[in-house]
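These protein sequences, in sequence, are chains A, B and C. Each number in the numbering used here comes from the position in the first sequence (counting from 1) with 96 added on. Each number in the numbering used here comes from the position in the second sequence (counting from 1) with 829 added on. Each number in the numbering used here comes from the position in the third sequence (counting from 1) with 5 added on. Down below is the structure, laid out as structure tokens.
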Amino acid sequence: MELKERTSRKLENTIVYAFLFIGLIVYILPFAWLVRSSFMDISQIFIQPPEWIPKPFQWQNYPKALTAMPFFRYLINTLIILISVEFGTLLTSSTVAFSFSRLKWRGRDIFFFLILTTLMIPYTVILIPTFLLWKYLGGINTFLPLTVPAWFGGGAFNIFLLRQFFSTIPYELDEAAYLDGATPWQVLWKITVPLSKPGLITVGVFTFMGVWGDLLGPIVYLNDSSKYTLAVGLTTFMSAYTTQWNYLMAASTAIIVPPIVLYFIGQRFFVEGIVLTGLREG
Amino acid sequence: MGKLQARWGILFALPAILGFLIWNLGPMIASFVISFTNWSIAGRPSFINFENYKKIFDDFVFKKSLSVTFYYAVGSVFVGLVVALFWALLLNRNIIGQALFRTAFFLPAITPAIASSMIWLWLFNPTFGLLNSILDTLGLPPLEWIYNEKQVIPSFILMSIWGVGYTITIFLAGLQGIPQHLYEAVEIDGGSWWDKFRHVTVPMISPVIFFNLVMGLIGALQAGFAQAYIMTRGGPNYASMFYSYYVYLNAFEYGKMGYSCALSTIFSFMLFGLTILVFKTSPYWVYYEALRK
Amino acid sequence: MKRKTFMLIVVWFLLVSFVGTAEAIDLTFTHWGGNLEIDAIKKMCEKYTKEHPGVNIKPLFVPWDQYVQKLSAMISGGTPPQVGYVMETEALEWAEKGVLLDILPLIEKESDPSVKLKNRLRSIWWLYGGGKKTLGTSVAAEVMITWYNKEIFDKEGVPYPPTDPNKWTWNQFVETAVKLTVDKNGKHPNEPGFDPTKIERFGVTFGNWYMVWFPFIWSNGGDLCDESGKIAKINKPEAVDALQNLCDLIYKYHVAPTPAQSSALPSYSIALQTGRVAMAIDGQWTLQELGQLEKQGKLKLGVAPLPKFKRPVTAVIGTPIGIYADAVKDSDTLKAAWEFYKWITNSESAIDLVRCGLWMPIQTWWYTDPKYIQKWLDPEIHPSEYKAAVISYAYRYAKPAPTYYLKNFAQINDIMYQELSNAFNGKVTVQEACNRIAEKIKPLLVGRYDKP
């Protein structure tokens, strides 16, 4: 019995690792191509079949790419926007999602659906009306259009996501707290949020990605190239007729390092069992 | 208690409601109104009533675009959900190098579009591409991938498998909320991994599956812009003329913003309908621990 | 002591804010481009600002992919730039609607010769209002030509293409390409045992877009439509034959790659330099990249006109720069914008971009006056035959692409692209594709901007 169990477990594990290794190679391929190109001379990047070792190693692609645009200035701009958006999103989307999942009020589901509809309008036709709205509010050439909306719920995607996550937590916890005289605000921050770390980290990481890669927003609302963000800086390597592939690859690699590190750290909190254990027995 | 909850409920939801009224409602109404004009950004718009909508009925690109987009959406959402859940389950296990594996699977989703498009142009290349080389070693005939009008959408569906990093992450997060004792209960009853999966995992993460399904559909139906813009220009023979790309072309390249808004309005109504439908099915298969009804 | 210093500082600030800003006019100049262009324009704007006190030019870089969206937003918001690039697909439409200024009245009152109608290449004026108005010219006059790698010609013992556009015939061109195409076993397409699936080096490569289609259609005596811009002629034999010949390069003579194969060579310069192709039909602007390779000693570059069917002709294209009407309502601003416009569209000001091969100049004396030609040519970049093969060729035989005059061209172009890609992918004959094009563009052929 024991032996059978052990061998079947070993087989299971081998299969799992096999799949993961194949998946690893398949999924890391684009990134590997990106990195090896970032160290190559343009002429070597597109040789067919592709070569994977740069000959010679063009280390200077990096300093050249990063000095070709005002890198640090763009980085600061991006960080300013990022910090505001992260705070606004995490704070308000938690609050709103709590309302849509753990509080009951008339018209709740209608408003929820209304907010969802914001995801169903193609950006192309919303672009100019929204721009005109901001012009009227005096937000053109400031970071306001890029940060303020985050403080108003953080967007339907995040609200919907957290609503789903929040709704997996048993209501008995809330009830017990209310019986003890807690307010919904306290329940949200003392009970729901601590139990929703994976969901909140997901929102945090995704929001980071969104700000980091947002291209159209900064371009449309800013009129000073000194206010541009990193994503816009990347486009200086592409023109209508030619692209400086080696610098573009180097800059792209440099720019996605922070998101990768963030994800690497964040996923550490995705560990089963730290959320709920033995609640039924209680 | 109910009244108190109601007041707190509205208060908490206020940021989003206000946000909707301020940032979203106006522009949405504006784009709806513009669809009844012949505005082209330059100059003043004038009302032409239902002219745009009448033209849409005769527009062969509109019809082609709609079918192409739905084809892609259905294919990529279902393939995506299955693949993402598969990887999430594997990545949820206690494996060595878990952090590295998880990050690796997320990488393609954050690689800038221009870089990943180049890689895919190489992968899809009929002469030198990796995919055809693989087919060759397996003794299979080469394909034309994105250069063939029948193969281009399946090619993009294949490509979407690389982009499931976000979906995997959401599934992973959802898997964390499953209490261990439920699995133990199945084990005690002599159940296998399939029983655990069917009776514990799936119901417990059904709220998250629901999210990925809805967002997946909404997202996939509006996707394809980058692929069309960078890789295929909507071809060959309109076979990759994604709807979002056609909306963009009309607004910003053909100078037909009014028509573009009409296209967009029709599409949005379709999306509303589809989403309502999916929501209506949710009581049958989505299990919420605590969604206050 | 502290109080006095404080007061002095305050007064100083007040003075500066009065004097410093009272007279200066801010002009925003929007543009796109790669690194080189961005830097060059930045320097030009700084130079102009320094030499013209009272005017402050603010260059605003907007990536090409987002340019039309950004400008559309600015225009609808009523705050467009004073001067800026204009997307070719929108230029005439915007001009007709009054977004761009008609500068003809300004030109007529002007004494500076560099902006006069007859002193700029005739083919690059953007005319509208039945031909009575203009928004200006392209900032550069880019033509299509044949680039080639001299080393490959030498290796195969093939004589270089002639620089006289009358002598470079299509048949000669095909023969040359055949001699330069080799497969993995070193065989040419006209030799037995040639394997078209294993081609090492293509004789020629070209892109599938309107700047390639039109010169050859015109050279064969055909056109997209008639002079009025209302009747399709794309399915007539002259046009179809020209395009069929292009297609034959791929499928009959095997000297050119299929669109799928050429997508593996995203850059013609690299393809030429590494010997994957011997000739490339491309725009003059590629010289910017090719020149760099020459300087590094990696490429022996040659240039020739386009091969002709019946008569020599090439297409010209170039980004227009316009003055945006809503931003220059004030007469002082208009004056400042006009002065800047004249300066920036005077190719002399952009000499760096001309010499590096990115821009071809637009004043006629650059093509006729040896002094200017010498200023233009950089011996390290421009091949020795450039003067005959490009300068004289462009001056005499360049015809404006339909973007310069045809209404709805953006949409027509997309239709042409979709249908012709079926032909170039070998799925349908060119005649079939052109028939479908003629059918689909019927409702779009509504006339020209430059004709009443």
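Using N, Cα and C, we set each Cβ at its ideal position, and we do this for glycine too. Remember, it's a predicted structure, so these values are computed and weren't measured experimentally.
Quiz item: Along the chain, where does the alpha helix (DSSP H) that runs through M1086 of chain B open and close?
Solution: M1086 to W1114
Quiz item: Can you find a CB in chain C that lies within less than 7 Å of the CB of T956 of chain B?
Solution: yes
Practice problem: Please say whether E101 of chain C and Y133 of chain C have beta carbons closer to each other than 7 Å? | Solution: Yes, the Cβ-Cβ distance between Y133 of chain C and E101 of chain C is below 7 Å.
Practice problem: My understanding is that I157 of chain C touches G280 of chain C, with C-beta atoms under 8 Å, so please give their C-beta distance in whole angstroms. | Solution: Between G280 of chain C and I157 of chain C the Cβ distance is about 6 Å, and since that is below 8 Å, they are a contact.
Quiz item: From T339 of chain A to L126 of chain C, what does the alpha carbon distance come to, in whole angstroms?
Solution: 29 Å
Quiz item: Taking the alpha-carbon positions, what's the T1094 of chain B to L936 of chain B distance?
Solution: 35 Å
Practice problem: Find out if the Cβ-Cβ distance for the pair G1087 of chain B, L229 of chain A is shorter than 7 Å. | Solution: no
Self-check item: Presumed contact (8 Å Cβ cut-off) between V433 of chain C and C252 of chain C, rounded CB distance
Solution: For V433 of chain C against C252 of chain C, the beta-carbon gap comes to about 10 Å, at or over 8 Å, which does not count as contact.
Quiz item: Going by DSSP, which residues form a beta bridge with M334 of chain A?
Solution: A:T339
Quiz item: When we look at the beta-carbon of S77 of chain C and count the other beta-carbons within 10 Å, is it buried (16 or more) or exposed?
Solution: buried
Quiz item: Between which two residues does the alpha helix (DSSP H) carrying W949 of chain B extend?
Solution: It spans A942 to L952 - the alpha helix (DSSP H) in which W949 of chain B sits, taken as one unbroken run.
Quiz item: Which whole-angstrom value is the C-beta distance of I236 of chain C and L450 of chain C, which I expect to be below 8 Å?
Solution: 7 Å
Quiz item: With W381 of chain C and V359 of chain C assumed to form a contact (beta carbons below 8 Å), what rounded beta-carbon distance in angstroms separates them?
Solution: 6 Å
Exercise. Return the CA-CA distance between K392 of chain C and S894 of chain B, expressed in angstroms with no decimal places.
Key: 48 Å
Practice problem: Please state whether DSSP places S321 of chain A in a helix, a strand or coil. | Solution: helix
Practice problem: Please confirm whether S946 of chain B and I870 of chain B have their CB atoms less than 7 Å apart. | Solution: no
Self-check item: Chain-ordered neighbours of F314 of chain C on chain A, where CB pairs are closer than 8 Å
Solution: Within chain A, no residue comes near F314 of chain C; the closest Cβ sits about 27 Å away, beyond 8 Å.
Quiz prompt | Beta-ladder partner(s) of N157 of chain A, from DSSP | solution = For N157 of chain A, which the question treats as bridged, DSSP gives no partner whatsoever.
Exercise. Go ahead and label E353 of chain C buried or exposed: buried means 16 or more other beta carbons lie within 10 angstroms of its beta carbon, across all protein chains shown.
Key: exposed
Quiz item: Excluding sequence positions up to five away, which residues of its chain have a Cβ less than 6 Å from the Cβ of A285 of chain C?
Solution: W152, T210, Y273 and L277
Practice problem: Using a Cβ cut-off of 7 Å (strictly closer), state whether A161 of chain A contacts chain C. | Solution: no
Quiz item: Residues in the stretch 287-321 of chain A with C-beta within 8 Å of chain C's C-beta atoms, listed in sequence order?
Solution: L311, L312, I315, V316, N319, D320 and S321
Quiz item: With 16 as the cutoff for other CB atoms within 10 Å, does E424 of chain C come out buried or exposed?
Solution: buried
Self-check item: Host beta strand (DSSP E) of A403 of chain C (start-end)
Solution: A403 to P405
Self-check item: Span separating the alpha-carbon of H387 of chain C from that of A1091 of chain B
Solution: 51 Å
Quiz item: What do you get for Q301 of chain C, buried or exposed, if any count of 16 or more other CB atoms within 10 angstroms of its CB means buried?
Solution: exposed
Exercise. Indicate whether at least one CB of chain C lies closer than 7 Å to the CB of E880 of chain B.
Key: Chain C contact via Cβ: absent.
Self-check item: Segment limits, alpha helix (DSSP H) that includes M857 of chain B
Solution: First-last of the alpha helix (DSSP H) with M857 of chain B: G855 to I863.
Exercise. Rounded to whole angstroms, what's the CA-CA distance from E1016 of chain B to P1008 of chain B? Just pull it up for me.
Key: 14 Å
Quiz prompt | For T174 of chain C, the first and last residue of its enclosing beta strand (DSSP E) | solution = In the DSSP assignment, T174 of chain C falls outside any beta strand (DSSP E) and carries neither an H nor an E.
Exercise. Could you name the residues of chain C that A871 of chain B contacts, counting a contact when the two beta carbons are closer than 7 Å?
Key: I80, E98, W99, K102 and V104
Quiz item: Run through DSSP, which three-state label would I172 of chain A get?
Solution: helix
Quiz item: Are the stretch 298-317 of chain A and the stretch 997-1004 of chain B touching by the rule of at least three beta carbon pairs closer than 8 Å?
Solution: yes
Self-check item: Chain-order list of residues whose beta-carbon lies under 6 Å from that of G1020 of chain B (same chain, five-residue window excluded)
Solution: For G1020 of chain B, same chain residues with a beta-carbon under 6 Å away, outside a window of 5 residues either side, do not exist.
Quiz item: In chain order, what residues of the same chain have a beta carbon less than 7 Å from the beta carbon of H36 of chain C, not counting five sequence neighbours either side?
Solution: I46, P64, F66, G89 and Y90
Quiz item: At least one CB of chain C closer than 7 Å to the CB of G1064 of chain B: is that the case?
Solution: Yes, contact with chain C.
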